[in-house]
Amino acid sequence: MIRFLIVIAALILILLILRSRSKKQNGNKSNIYKILIFSLIILAIIFLLATSGKFLLPQILNIIKIGIPFLTKFIGI
8 MIRFLIVIAA
18 LILILLILRS
28 RSKKQNGNKS
38 NIYKILIFSL
48 IILAIIFLLA
58 TSGKFLLPQI
68 LNIIKIGIPF
78 LTKFIGI
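First residue of the sequence shown: 8, per my numbering; consecutive thereafter.
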């Protein structure tokens, strides 16, 4: 997972460098790089959520399972 984050950060850095170079030459092409950067970030977040779901969902369910008795005590009072 750490390698994936490093690769995504490197890709974003490369796109930022290309965007700054193209901004000096043409202002219109920098919009393409801006869209690419945002789409890469969104796809990385979706991928991380999809792959880490097997770790996050059971922990969230355990927290809910532990929290329900406390909640019922406060409702019962």
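No residue lacks a Cβ here, since even glycine has one placed at the ideal position from N, Cα and C.
Across the stretch 19-28 and the stretch 39-58, are there enough close Cβ pairs to call them in contact, namely three or more that are closer than 8 Å? yes
Just the Cα atoms here: how many angstroms apart are ARG10 and PRO76? 40 Å
Does the distance from the CB of ARG51 to the CB of ILE15 come in under 8 Å? First, the residue type needs correcting, since residue 51 is Ala and not Arg in the sequence shown. A contact, by the Cβ cut-off of 8 Å.
Proximal residues to PHE54 (C-beta, below 8 Å), its chain only, five neighbours per side dropped: PHE11
Go through its chain and collect everything with a Cβ distance to ARG26's Cβ below 8 Å, but skip five positions before and after it. SER37, TYR40, LYS41 and ILE44
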